[in-house]
Ligand code: PGA
Ligand code: ZN
């Protein structure tokens, strides 16, 4: 078996122009891999810690030189000489070297970069694709993981922390029917995306682009964003409710303050009951397939009531609520607050721990959505990971912009390989 010969890291820029960590790994067999980690913008408070330098003289304090140094000086010497196919052994070593619960000592960004690059070279050293190797790792954990290309959730319109426009909700989704072939699903998303852009321009709803490639218009209400998408779908050969569906990531922690939820659709802040009624009316009108982060990240009671009311009808997705954290996922299963999870490996910090979370969620019959982050690189690790764990959905942003389409296009090639 090949052994890790060299690991070295550096600071690169992500899609927002903010530093992130890239790491390269070479095996004694000559095989080589590179990995870079994404970074959240609407980060949940319970996520593993992303280490930033806080040196205001560089990148407004957002540099990652400490994380880079932690890889070069601490993690590299610890894993050199190890067999890269021992993913769990290596991940556990990284976790124990850090020794803190949220990886604050050396940084989850440093740890995940190493964990991911190890999985890449682990695959290459065995002559496997990354998705097959991830599937192998998933099977070893008894995860029910049937390899398939997941259904894409496209982010068409953005607001909240992601957009320069005036919307409160963070993401308005278009979701092709799960029965569609991936290539057809991708095509429908891309075709509808361009029509939405033209319609926003015609309405004078000046638009620019959000962090995830979606449009960020100024509209009168959040519900108007759905209207624009619905109108646009009508101008294409696709039918809403048959070919494509709608979804929402409210990212409600962003507009939650002093116990109230403030959005431009209502003149006064709403309590959780009023917000729940608002979602119900949106769902009556648009038959949503998913609602993510409908309530703030620690408002378990509201989540429970919401799940009781709509859990049978749509996917109630926990992102900031769960932060892919095992304890929080267990609580959500016990208290019945969700039936789907957004999985972002950098919320946890290693490939192995991300697989553990997926196992728990799948055993509870939840749907799995593998997700990008607001700040991305062109690394397509998450696309292979999604296929390998048999995720139901992927959320990689709009069907536009290099760092987003890198992942959607990767799925196109996997689709062909799996035929
Ligand atoms: P983030 O948001 O990556 O900027 O945190 C993505 C999401 O909330 O799904
Ligand atoms: Zn989210």
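In the numbering used here, the protein residues as written are 3 to 421. Heads up, the beta-carbon is just placed ideally off N, CA and C, and yes, glycines get one too.
(request) Along the alpha helix (DSSP H) that carries residue 128, what are the first and last residues, could you check? (result) Careful: residue 128 lies outside any alpha helix (DSSP H) and carries neither H nor E.
(message) Along the chain, where does the alpha helix (DSSP H) containing residue 390 start, and where does it finish?
(response) 383-390
(request) Grab the span of the beta strand (DSSP E) containing residue 410 for me, first residue to last. (result) Here residue 410 belongs to no beta strand (DSSP E); instead the alpha helix (DSSP H) covers 404-420.
(request) Kindly give me the distance between the Cβ atoms of residue 240 and residue 292, rounded to whole angstroms, as I take these residues to be in contact under 8 Å. (result) With a Cβ gap of about 18 Å, residue 240 and residue 292 do not count as contacting.
(request) Run the proximity test for residue 64: is its beta-carbon closer than 7 Å to any non-hydrogen atom belonging to the ligand PGA? (result) no
(message) Please report the straight-line C-alpha distance between residue 415 and residue 176, rounded to a whole angstrom.
(response) 22 Å
(message) Any heavy atom of the ligand PGA inside 7 Å of the beta-carbon of residue 43?
(response) yes
(request) Report yes if the CB atom of residue 114 is closer than 8 Å to the CB atom of residue 351, and no otherwise. (result) yes
(message) For a quick check, are the C-beta atoms of residue 422 and residue 402 less than 8 Å apart?
(response) Absent from the structure is residue 422, since the part of the chain shown begins at 3 and ends at 421.
(request) Could you tell me if residue 3 is buried or exposed, where buried requires 16 or more neighbouring beta carbons within 10 angstroms of its beta carbon? (result) That one is exposed.
(request) Select from 88, 90, 58 and 97 the residue whose C-alpha is nearest the C-alpha of residue 76. (result) Ranking 88, 90, 58 and 97 by Cα distance to residue 76 puts 97 first.
(request) Answer with buried or exposed for residue 382, where buried requires no fewer than 16 other C-beta atoms within 10 angstroms of its C-beta. (result) So residue 382 ends up on the buried side.
(request) Using the beta-carbon of each residue, find all residues closer than 6 Å to any heavy atom of the ligand ZN and list them in chain order. (result) Those residues are 251, 253, 294, 295, 321 and 344, given in chain order.
(message) Measuring only the C-alpha atoms, how far is residue 372 from residue 345?
(response) 5 Å
(request) In the DSSP assignment, find the alpha helix (DSSP H) that holds residue 316 and state where it starts and stops. (result) Unbroken run through residue 316: none, as it is neither H nor E.
(message) Any beta carbon from chain C within less than 8 Å of residue 91's own beta carbon?
(response) Looking at the structure shown, chain C is missing, and only one protein chain is on hand.
(request) Can you tell me which of 210, 93, 201 and 213 puts its alpha carbon nearest to the alpha carbon of residue 229? (result) Considering only alpha carbons, the answer is 201.
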